[in-house]
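Using this note's numbering, the letters of the sequence shown map in sequence onto residues 7 to 331.
Notes follow the structure.
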Amino acid sequence: MNDHNEKLVMFPKWQKSLEKDSKQAIEEKRYKDALYLLNQLIEYDKTSHDLWIGKLICLMELGEMEQAEDLCQDLVTKEDAFYYEYVHIYSTILFQTGQYELLIELLLEIIEQDDLPESMEQQFQQMLEVSKSLKEDKKSEQALRYINHLKRAVIEKDDVVQWRIIEKCKHVSIQPYVHELQQLLVDQAIHPVVKTAIIERFLEQQVEEEVEISKYNQTMKIKPSELRKVNSDYSSVNILGLLEDVEQENPTLFDLIKKLCQHYLYVVYPFTPNEEAYPKISKALEILGYQYLQIERTINEQDEVNKYIIEIIECNKEYSSIIED
7 MNDHNEKLVM
17 FPKWQKSLEK
27 DSKQAIEEKR
37 YKDALYLLNQ
47 LIEYDKTSHD
57 LWIGKLICLM
67 ELGEMEQAED
77 LCQDLVTKED
87 AFYYEYVHIY
97 STILFQTGQY
107 ELLIELLLEI
117 IEQDDLPESM
127 EQQFQQMLEV
137 SKSLKEDKKS
147 EQALRYINHL
157 KRAVIEKDDV
167 VQWRIIEKCK
177 HVSIQPYVHE
187 LQQLLVDQAI
197 HPVVKTAIIE
207 RFLEQQVEEE
217 VEISKYNQTM
227 KIKPSELRKV
237 NSDYSSVNIL
247 GLLEDVEQEN
257 PTLFDLIKKL
267 CQHYLYVVYP
277 FTPNEEAYPK
287 ISKALEILGY
297 QYLQIERTIN
307 EQDEVNKYII
317 EIIECNKEYS
327 SIIED
């Protein structure tokens, strides 16, 4: 309230007139006029339960759902005698705007409260069940949209978009589309980083079905639910464990080596190096680390180490072409 309004007084006659006119405007469905009148009362701090309910009705009827939601949150926070009435309106707004996750969280909390009126408990319980069902339907629709967008991105050979879509699939169930995604895992045209992302979604959603994957002229069958998470695999721990001296002597160099290692293992995942290769890979990582930081160091290279140097460089290029670190 500004200084000008603080000096003014809303006389009882004016207040009654505004209250009467706003109520009549709502009854006649002139919600814009009613809202203007109600806001005048609020401006002079002439608030009441009926006024707040009237304003909520106006905002909802005018489609101002965000404002109505904000007002409800404020009213619920007051926890006054009309608390559950405000909660009911708030839950209705969340339902109408499709905010099912937030609504379910709210209803679960409200239903547990001891002083919840029995009549409202039944209403909230019914709304909870419907919301859970609609939430799953919404996720199913979203999953289908993602799959259709993915198909388009495959046709357009857009690797980055493919990866982004697969990342979005963290929030939906891809179980109905395992077969379609499996086809991408054996498609040589699909980027290896995209294939890794698909396997990650399979692992997160505990896909039990055996799937086949091809990368870098290698093919294998796997059960995603039995895999370890990428970069939590013990091969990463063991490869980096061979470079403890580097970690102690030069933490900056080790951080770079660690990143190179993680990118390499992410791109080749779920194919993991055998234990005999660990020393060669760690040596290749060390050599690359020194080179990237332009640190002069004499290290005897072997042909097999060079092979891994080339692989690590290539995998890091593949990783960086899709994912920004």
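C-beta: ideal position from N, C-alpha, C; glycine also.
On a predicted model such as this, the values are computed, not experimentally measured, just so you know.
request  = Quick one: which unbroken alpha helix (DSSP H) runs of 4-plus residues sit fully inside the stretch 128 to 207? Chain order, please.
outcome  = Fully contained in the stretch 128 to 207 are the following alpha helix (DSSP H) runs of length 4 or more, in chain order: 165 to 174, 184 to 191.
query = Less than 9 Å separating the beta-carbons of tyrosine 270 and asparagine 322?
reply = As a first step, residue 270 is located in the sequence shown; it is residue number 264 there, counting from the start. As a first step, residue 322 is located in the sequence shown; it is residue number 316 there, counting from the start. Here tyrosine 270 is near asparagine 322, since their CB atoms are less than 9 Å apart.
task = Could you tell me if proline 257 is buried or exposed, where buried requires 16 or more neighbouring beta carbons within 10 angstroms of its beta carbon?
result = As a first step, residue 257 must be located in the sequence shown, where it is residue number 251. Proline 257 sits exposed, since fewer than 16 C-beta atoms from the chains shown fall within 10 Å of its C-beta.
ask   = Which first and last residues belong to the beta strand (DSSP E) in which glutamate 218 is found?
value = As a position in the sequence shown, residue 218 is number 212, starting the count at 1. 217 to 221 is the span of the beta strand (DSSP E), which, as asked, contains glutamate 218.
key: Expected contact under 8 Å - CB spacing of leucine 190 and isoleucine 171 to nearest Å   = On the sequence shown, position 184 is the one that residue 190 refers to. On the sequence shown, position 165 is the one that residue 171 refers to. Not confirmed; about 11 Å, so no contact.
inquiry  = Using the Cβ count rule (16 or more neighbours within 10 Å means buried), how would you classify methionine 226?
reply    = To locate residue 226, count along the sequence shown from 1; it is residue 220. Looking at its Cβ environment, which holds fewer than 16 other Cβ atoms inside 10 Å, methionine 226 is exposed.
ask   = Is the stretch 140 to 150 close to the stretch 103 to 119, with three or more CB pairs under 8 Å?
value = With a cut-off of 8 Å, the stretch 103 to 119 and the stretch 140 to 150 count as touching, because enough Cβ pairs lie within range.
key: Residue from Glu186, Ile196, Ile287 whose Cα sits closest to the Cα of valine 167   = For the purposes of this step, residue 167 is taken as the residue at position 161 of the sequence shown. If we check each option's Cα against that of valine 167, Ile196 comes out closest.
task = Would you decide whether aspartate 121 is buried or exposed? Buried here means 16 or more other CB atoms lie within 10 Å of its CB.
result = Position 115 of the sequence shown holds residue 121. So aspartate 121 ends up on the exposed side.
key: the stretch 47 to 57 / the stretch 14 to 31 touching (three or more Cβ pairs under 8 Å)   = Touching, yes.
ask   = Hey, tyrosine 96 and glutamine 79: beta-carbon distance below 9 Å or not?
value = Here residue 96 corresponds to residue number 90 of the sequence shown, with the count starting at 1. Here residue 79 corresponds to residue number 73 of the sequence shown, with the count starting at 1. The answer is yes: Cβ separation under 9 Å.
query = Could you check where the alpha helix (DSSP H) with glutamine 73 kicks off and where it finishes?
reply = Your numbering for residue 73 matches position 67 in the sequence shown. Here the alpha helix (DSSP H) through glutamine 73 covers 71 to 84.
inquiry  = With a threshold of 9 Å between beta-carbons, can glutamate 214 be considered close to chain B, or not?
reply    = The structure shown contains no chain B; it holds only a single protein chain.
inquiry  = Three or more C-beta pairs under 8 Å: does that hold for the stretch 313 to 322 against the stretch 281 to 299?
reply    = Contact check between the stretch 313 to 322 and the stretch 281 to 299: three or more CB pairs, one atom from each, fall below 8 Å, which counts as touching.
inquiry  = Using a 10 Å radius around the Cβ and a threshold of 16 neighbouring Cβ atoms, would you call proline 182 buried or exposed?
reply    = For the purposes of this step, residue 182 is identified with residue 176 of the sequence shown, where counting begins at 1. Exposed.
Local Cβ density within 10 Å of proline 276, reported as buried at 16 or more and exposed below that = Counting from 1 along the sequence shown, the entry for residue 276 is found at position 270. Result: buried.
key: As assigned by DSSP and simplified to three states, the class of lysine 323   = The count along the sequence shown starts at 1 and reaches residue 323 at position 317. Assigned with DSSP and collapsed to three states, lysine 323 falls in helix.
key: Backbone CA spacing between tryptophan 20 and phenylalanine 88 [nearest angstrom]   = Your numbering for residue 20 matches position 14 in the sequence shown. Your numbering for residue 88 matches position 82 in the sequence shown. Going from the Cα of tryptophan 20 to the Cα of phenylalanine 88 covers about 26 Å.
ask   = Hey, proline 123 and tyrosine 92: beta-carbon distance below 9 Å or not?
value = The residue you call residue 123 lines up with position 117 of the sequence shown. The residue you call residue 92 lines up with position 86 of the sequence shown. Note that the C-beta distance between proline 123 and tyrosine 92 is not below 9 Å.
From Asp165, Glu206, Val192, Ser327, residue whose alpha carbon lies closest to that of isoleucine 180 = For the purposes of this step, residue 180 is taken as the residue at position 174 of the sequence shown. Cα-wise, what sits closest to isoleucine 180 is Glu206.
query = What number of angstroms, rounded off, separates the C-alpha of asparagine 244 from the C-alpha of glutamate 255?
reply = Against the sequence shown, residue 244 aligns to sequence position 238. Against the sequence shown, residue 255 aligns to sequence position 249. Taking the straight line joining both Cα atoms gives about 19 Å.
message = Going by beta-carbon coordinates alone, are valine 192 and serine 231 separated by less than 9 Å?
response = To locate residue 192, count along the sequence shown from 1; it is residue 186. To locate residue 231, count along the sequence shown from 1; it is residue 225. Contact: no.
ask   = isoleucine 99 and methionine 133: beta carbons closer than 9 Å?
value = As a position in the sequence shown, residue 99 is number 93, starting the count at 1. As a position in the sequence shown, residue 133 is number 127, starting the count at 1. Not in contact: isoleucine 99 and methionine 133 (Cβ atoms no closer than 9 Å).
ask   = For lysine 52, which three-state DSSP category applies?
value = Numbered from its first residue, the sequence shown carries residue 52 at position 46. Coil at lysine 52, not helix or strand.
ask   = Within 10 angstroms of its Cβ, does glutamate 324 collect 16 or more other Cβ (buried), or is it exposed?
value = The residue you call residue 324 lines up with position 318 of the sequence shown. Note on glutamate 324: 16 or more other CB atoms within 10 angstroms of its CB, so buried under the neighbour-count rule.
key: leucine 47 beta carbon less than 9 Å from that of leucine 62   = If you number the sequence shown from 1, residue 62 lands on position 56. If you number the sequence shown from 1, residue 47 lands on position 41. Here leucine 62 is not near leucine 47, since their CB atoms are 9 Å or more apart.
request  = Please confirm whether valine 217 and valine 178 have their CB atoms less than 9 Å apart.
outcome  = The residue given as residue 217 occupies position 211 in the sequence shown. The residue given as residue 178 occupies position 172 in the sequence shown. Cβ distance not < 9 Å, so valine 217 and valine 178 don't count as in contact.
Threonine 98 - containing alpha helix (DSSP H), residue span = As a first step, residue 98 must be located in the sequence shown, where it is residue number 92. Note, threonine 98: alpha helix (DSSP H), 89 to 102.
ask   = What span of residues does the alpha helix (DSSP H) with isoleucine 116 cover, start to end?
value = For the purposes of this step, residue 116 is taken as the residue at position 110 of the sequence shown. Its alpha helix (DSSP H) spans residues 106 to 117.
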